[in-house]
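Convert by adding 229 to the 1-based position in the sequence shown; the result is the number in this note's numbering. Built from N, CA and C at the ideal position, the CB exists for glycine as well. Take a look at the structure set out below.
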Amino acid sequence: NHNGMKFYKNFPGGIVCGVVWYVIFGSMQDWSYDYQGCPEITFEVSGNHTKYPNSSQLINYWNENKIAMLSYLEQVKKGLIMGIVKSEIDQFITLSAKITIYENLQIKRIIYTDKNTGIFHVLLYPGNYTFVIQSEGYSILKRENIIVTKRTKILSSPFVFYLK
Numbered sequence: 230n231h232n233g234m235k236f237y238k239n240f241p242g243g244i245v246c247g248v249v250w251y252v253i254f255g256s257m258q259d260w261s262y263d264y265q266g267c268p269e270i271t272f273e274v275s276g277n278h279t280k281y282p283n284s285s286q287l288i289n290y291w292n293e294n295k296i297a298m299l300s301y302l303e304q305v306k307k308g309l310i311m312g313i314v315k316s317e318i319d320q321f322i323t324l325s326a327k328i329t330i331y332e333n334l335q336i337k338r339i340i341y342t343d344k345n346t347g348i349f350h351v352l353l354y355p356g357n358y359t360f361v362i363q364s365e366g367y368s369i370l371k372r373e374n375i376i377v378t379k380r381t382k383i384l385s386s387p388f389v390f391y392l393k
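Listed below in structure tokens is the structure:
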């Protein structure tokens with residue numbers, strides 16, 4: 230939270246949920262999340278609505294917001310699942326794959342691995358998930374009981390999915 234902004238009534242504890250403050254439909258943030266699985270954020274660093282501060286003020290804004298921003302980066306790791314999709318036949322081959330993520334038999338997310346490395350990252354709320362992994366020329370793989378908790382952080386060893 231922000232040490233000074235916590236005194237503004239619009240920012241309880243120095244924090245605001247963006248949709249409570251103002252709503253934007255069809256933004257780049259919506260598109261990035263819906264179509265690329267990439268959440269984007271906006272940092273509002275001034276309680277007085279200064280959109281374009283003088284450059285001489287930037288160091289003050291940094292000093293006022295540094296702890297909050299670094300804390301945010303630490304929190305962002307919670308719920309982050311990472312992994313890689315490989316060929317079972319030749320484990321040095323990484324695959325471009327589509328991963329459909331289910332929770333309670335409902336599709337929650339569809340993500341894609343990086344086409345060159347086979348690596349993926351996805352942020353998920355706490356829950357019990359099923360991943361269905363598909364790559365052209367390979368059998369579909371279904372992996373159940375992927376558990377995400379409030380304490381789940383970046384895994385020291387990522388998930389590795391081998392396709393036949």
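Item                                                                                                                                                        : Value
According to DSSP, which residues form a beta bridge with serine 316?                                                                                       : Leu392
When you compare each of His350, Val252, Asn374, Phe360 to threonine 271 by their alpha carbons, which one comes out closest?                               : Val252
Residues in the same chain with beta-carbon distance under 7 Å from serine 364, minus the five sequence neighbours each way, listed in chain order, please. : Val314, Leu324, Ser325, Ala326, Leu392
Starting from valine 351, follow the beta strand (DSSP E) in both directions and report where the run begins and ends.                                      : 348 to 352
Tell me the residue span of the alpha helix (DSSP H) that contains valine 305.                                                                              : 287 to 305
Determine the contact status of phenylalanine 360 and isoleucine 375, defining contact as a CB-CB distance below 8 Å.                                       : yes
Let me know the secondary structure DSSP gives tyrosine 264 once reduced to three states.                                                                   : helix
Can you give me the start and stop residues for the beta strand (DSSP E) that asparagine 283 sits inside?                                                   : Element bounds for asparagine 283: n/a, residue is neither H nor E.
In or out: asparagine 354 buried (at least 16 other Cβ within 10 Å) or exposed?                                                                             : As written in the sequence, residue 354 is tyrosine, which differs from the asparagine given in the question. It is exposed - the Cβ of tyrosine 354 has fewer than 16 other Cβ atoms within 10 Å.
When the distance is taken between beta carbons, is isoleucine 336 closer than 8 Å to threonine 342?                                                        : no
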